[in-house]
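So the structure is just underneath, and the comments pick up after that.
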Amino acid sequence: RQDNVPQAPEDPLFGLMAAYRRDEFEKKVDLGIGAYRDNNAKPWVLPVVKSADDVLRKDPNLNHEYLPIAGLADFTTAAQRLILGADSPAIKEKRATSFQTISGTGAVHLGALFLSRFYPRSSNQAVYFSSPTWANHNQIFSNVHLPIRTYPYFSAQTKGLDFQGMKSTISDAPEGSIILLHACAHNPTGVDPTRDQWKEISEVIRAKKHFPFFDCAYQGFASGDLQNDAWAVQYFVSQGFEMCIAQSFAKNFGLYGERAGAFHFVTGPSPDAQDTVGRVASQLAILQRSEISNPPAYGARIASLVLNDPALFKEWEANLRTMAGRIIDMRKELRSNLEQLNGKEGSWKHITDQIGMFSFTGMTEPQVLQIRKDAHVYMTKNGRMSMAGLNTSNVEYVAKAMDKVVRE
Ligand code: PMP
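In structure tokens, the structure reads:
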């Protein structure tokens, strides 16, 4: 009998979702979940995904065989082109290897597991996360027994980036540390470095021989422009870093439950680069085989069709602009409503400065609990709100409720 298994706490986000579902208040608002909602607060199946689905269903040769260990090759090569750029030197020089994974979570995990086995470490090296970061980063890296530390990221004063704090901690980290970076639309803060700041970060990482690990869960979803959102990753590749990239297609294709993602390992230019990626790929195959044997097919087939067909790709870009555009509009609406209510222009500027799915509002835990109780508006305790939960019918209601709790 397993008498010694302690009760684990409920996952905070999934607990919040359950509380929201139980709430019978008519005007309740869900700003917790990190999934896109349309202007009627409903999940949105991207029209391009419907088109691809129609094509797939009509294919008489479609079957349910296993995919290869590394996944669907048409998908992983297209995913690689998307994140690295079609003209990437890493692709031309065959310095990248890519594995299809269980969405972004699986990609982060495969990378973490690989590094836990093969990354040469001295006793005081660790993986550095931004503070705060996506909560699952901690669990995923702890599960593979990599030591974890943090670098400052969010400034409570400016509600923007604590750039000096970030840079100096990365600079003081023991040489050869692993530095986890959000490629764009940082979760949970919505705060990204500028291009000049990314350049400085890359210089510090190079000077300390650190190893960058990019987590990219929002390409195209953040700004509506796929290449713009991949800029930081492509810049680091152009600088010749050896690095890992975790890529999720959950948000940008709305394929949340289909678990489509990819893990990429890129090595720097050198005469034996191809040999290096060959050896890395051989080990990734063994790790993948023992964990999931081979990845799920459906989501990858949909994404692959779209990524490899110029007309569908164009349609996808339009769908991305629809999602990103609606979220950017909601940011503007929320800010202007809040500033009208308190009469202080610029007081909620951070809402429109931040980007992507989330905004770190600056609301405290007591305020978050208060707004949940008074107005049935649900957000995580750290004051993070999912912008996709706002729409033209509820933005004013939410602004009034926020204005009220922050004044009290
Ligand atoms: N990384 C970050 C930073 C994320 O925000 C997410 C999505 N919440 C993921 C990875 C992975 O999500 P998924 O496994 O659904 O692709």
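So the sequence shown is residues 92 to 499, counted in my numbering.
For every residue, glycine included, the Cβ atom is placed at its ideal position computed from N, Cα and C.
Buried versus exposed, by CB contacts within 10 Å (16 or more), residue i
i: Asp253; result: buried
i: Pro284; result: buried
i: Leu153; result: exposed
i: Phe220; result: buried
i: Arg92; result: exposed
i: Pro167; result: A small correction: the amino acid at residue 167 is Thr; Pro does not occupy that position in the sequence shown. With 16 or more Cβ atoms within 10 Å of its Cβ, Thr167 is classed as buried.
i: Arg286; result: exposed
i: Gly195; result: buried
i: Arg392; result: buried
i: Ala402; result: exposed
i: Thr280; result: buried
i: Gln379; result: buried
i: Phe354; result: buried
i: Val357; result: buried
i: Ser179; result: buried
i: Ser293; result: buried
i: Ile269; result: buried
i: Ile87; result: Residue 87 falls outside the range modelled here, since the chain spans only 92 to 499, and no answer is possible.
i: Glu349; result: buried
Any non-hydrogen atom of the ligand NAP closer than 6 Å to residue i Cβ
i: Ala337; result: Only the ligand PMP can be found as ligands here, which leaves the ligand NAP out of the picture.
Closest Cα partner of residue i within the set the options
i: Phe190; options: Leu158, Pro180 and Ala181; result: Leu158
i: Tyr127; options: Ala479, Gly176 and Pro265; result: Ala479
i: Pro360; options: Met334, Thr249, Phe340 and Gln374; result: Met334
i: Asn482; options: Gly416, Ala351 and Gly453; result: Gly416
i: Ile327; options: Gly315, Ala313, Gly311 and Ile296; result: Looking at the sequence provided, one finds Phe at residue 327 rather than Ile. Phe327 has its Cα closest to that of Ile296, out of Gly315, Ala313, Gly311 and Ile296.
i: Ile336; options: Tyr389, Leu271, Arg392 and Ile446; result: Leu271
i: Trp471; options: Pro97, Asp102 and Asn95; result: Looking at the sequence itself, residue 471 is Thr, so the reference to Trp does not match. The option with the nearest alpha carbon to Thr471 is Asp102.
i: Ser233; options: Leu204, Tyr242 and Leu403; result: Leu204
i: Thr188; options: Lys435, Gly348 and Gln374; result: Gln374
i: Met108; options: Arg463, Asp400 and Gly315; result: Arg463
i: Leu396; options: Val282, Lys133 and Ala170; result: Ala170
i: Pro386; options: Ile193, Arg172, Trp135 and Ser179; result: Ile193
i: Tyr242; options: Gln338, Met257, Phe305 and Asn229; result: Met257
i: Tyr244; options: His301, Trp225, Gln230 and Ser142; result: Trp225
i: Phe340; options: Leu137, Lys133, Asn130 and Arg113; result: Leu137
i: Arg498; options: Val459, Met476, Asp320 and Arg475; result: Val459
i: Val468; options: Leu398, Ala409, Ala490 and His301; result: Ala490
i: Ala409; options: Arg370, Asp363, Val140 and Pro211; result: Val140
i: Leu163; options: Tyr210, Ala394 and Asp94; result: Ala394
i: Ala181; options: Gln330, Ile419 and Ser381; result: Gln330
i: Gly345; options: Ala298, Met476, Met414 and Arg212; result: Met414
i: Ala323; options: Glu349, Ile174, Ala376 and Asp444; result: Ile174
Opposing strand residues paired with residue i [DSSP bridges]
i: Val120; result: Val468
i: Leu272; result: Phe305
i: Ala187; result: Val357
i: Ser477; result: Phe449
- alpha helix (DSSP H) segments (min. 4 residues) lying fully within the stretch 192-252: 194-209 and 226-234
- Any residues whose CB sits closer than 5 Å to a heavy atom of the ligand PMP? List them in chain order? Gly125, Ser194, Gly195, Thr196, Trp225, Asn278, Asp306, Ala308, Ser339 and Ala341
- Item | Length at least 4, wholly inside the stretch 431-475: the alpha helix (DSSP H) runs in chain order | 440-444 and 456-466
- May I have a chain-ordered list of the alpha helix (DSSP H) segments no shorter than 4 residues that lie completely inside the stretch 336-397? 364-382
- Task: Please list the segments of the alpha helix (DSSP H) lying wholly inside the stretch 125-182, counting only runs of 4 or more residues, in order along the chain.
- Result: 138-149 and 164-175
- Can you list the alpha helix (DSSP H) stretches of 4 or more residues lying completely in the stretch 295-344, in chain order? 317-320 and 322-329
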